[in-house]
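Colleague:
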Amino acid sequence: MMKIGVVAVQGAFREHQRMLNQLGVDTIEIKRSQHLENLNGIVLPGGESTSIGKLMREYGLIEPIREMVQQGTPIFGTCAGMIVMAKTISSGEEPHLAVMDVTVSRNSFGRQKDSFEADLDMDVIGSTPFPAVFIRAPHIESVGENVRVLSRYQGRIVAVQEKHCLAISFHPELTDDSRIHQYFLEKIVQPSLQTVR
Ligand code: GLN
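This is the structure:
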């Protein structure tokens, strides 16, 4: 059985676990580095990126997770998780994991409404739009050459993939639509199991 670790220091980690469990995957809460053993993939939930980054540093999770991702472990970040994955944060804050070649801008959609839902086109999961929940969401300002843009909202990049790294601005774990989790498991985690690391 596939085993996915969900970083569980702050934020919406239980909702991700619920969705992954519904898809038949075993999950473990990552709170300390000993929880990183024998994982097939990692999920970084939404929440508050400064707190998540700070706690991950305190608990000694930054270096080992960065190393795992550099060695090929798939990782999927949502909202604050996307900020934690970015190599550059446009406000000039210190980056956290810094595993994705993107520049991210925080709280991009925060002002007009704190939380809203929008139908997003995302070809990789099919032609039916995804009901995306945005909560003080970030967007991607610019991407490196190996980063694939998977979706935009009002012209702004809100979903990206760079090899085995997937990051999105919104919260699929708060909906009943599991297509993005399925995409991560079937198109990113599953193929990575075939390559020897
Ligand atoms: N605004 C939060 C941040 O900057 C992200 C919000 C979220 O994860 N829903 O970290």
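Under the numbering used here, the residue at position 100 of the sequence shown is numbered 1103, and the numbers go up by one with no gaps. Here a beta-carbon is modelled for each residue, glycine too, at the ideal position from N, C-alpha and C. Since the structure is predicted, the reported quantities are computational estimates derived from the model, not experimental observations.
1. Buried or exposed: G1044, going by 16 or more other Cβ atoms within 10 Å of its Cβ?
2. Under the criterion of a Cβ to heavy atom distance below 7 Å, does A1135 qualify as lining the ligand GLN?
3. Take V1127 as the anchor and find which of C1168, E1061, L1153 has the nearest alpha-carbon.
4. Nearest CA to the CA of L1064: which residue from G1049, E1051, G1075, V1087?
5. At which residues does the alpha helix (DSSP H) containing F1119 begin and terminate?
6. Taking the C-alpha atoms as reference points, what is the distance between T1178 and L1047?
7. DSSP has E1032 in a bridge; who is on the other side?
8. Within 10 Å of its beta-carbon, does E1176 have 16 or more other beta-carbons around it, so buried, or fewer, so exposed?
9. For G1049 versus H1174, is the C-beta spacing smaller than 8 Å?
10. Counting Cβ pairs, one atom from each stretch, are 3 or more of them under 8 Å apart for the segment 1049-1059 and the segment 1083-1097?
11. Closest by CA to S1145, which one among Q1164, V1072, G1014, P1194?
12. Taking just the CA atoms, how far does G1056 sit from I1033?
13. When burial is assigned at 16 or more other CB atoms within 10 Å of the CB, is Q1020 buried or exposed?
14. Does the ligand GLN have even one heavy atom less than 7 Å from the beta-carbon of P1141?
15. Take L1026 and list the residues in its own chain whose beta-carbon comes closer than 8 Å to its own, dropping the five residues that flank it on each side.
16. Check each candidate in S1118, P1132, L1196, K1006 and name the one with the smallest Cα separation from H1038.
17. Should Q1207 be labelled buried (16 or more other beta-carbon atoms within 10 Å of its own) or exposed?
18. Would you say I1086 touches the ligand GLN, meaning its beta carbon is less than 7 Å from a heavy atom?
19. Is it right to say F1016 is buried, meaning 16 or more other beta carbons lie within 10 angstroms of its own, or is it exposed?
20. What runs of the beta strand (DSSP E), each 3 residues or longer, lie entirely inside the segment 1138-1173?
Modeller: Inspection of the coordinates gives the following:
1. Counting every other CB atom within 10 Å of its CB across the protein chains shown gives G1044 a total of 16 or more, marking it as buried.
2. Incorrect: A1135 has no Cβ contact closer than 7 Å to the ligand GLN.
3. Selection C1168, E1061, L1153 evaluated against V1127 yields L1153 as nearest (Cα-Cα).
4. V1087
5. Not the alpha helix (DSSP H): F1119 falls in the beta strand (DSSP E), residues 1118-1123.
6. 17 Å
7. V1009
8. The residue is buried, with at least 16 neighbouring Cβ atoms inside 10 Å.
9. yes
10. Short answer: they touch.
11. Q1164
12. 14 Å
13. The residue in question, Q1020, is buried, as its Cβ has 16 or more Cβ neighbours within 10 Å.
14. yes
15. S1181, H1184, Q1185, L1188
16. K1006
17. Outside the displayed span of the chain (1004 to 1200) sits residue 1207, for which this structure offers no information.
18. yes
19. F1016 should be labelled buried.
20. The beta strand (DSSP E) runs lying completely inside the segment 1138-1173 and spanning 3 residues or more are 1142-1146, 1151-1156, 1159-1165, 1168-1171, given in chain order.
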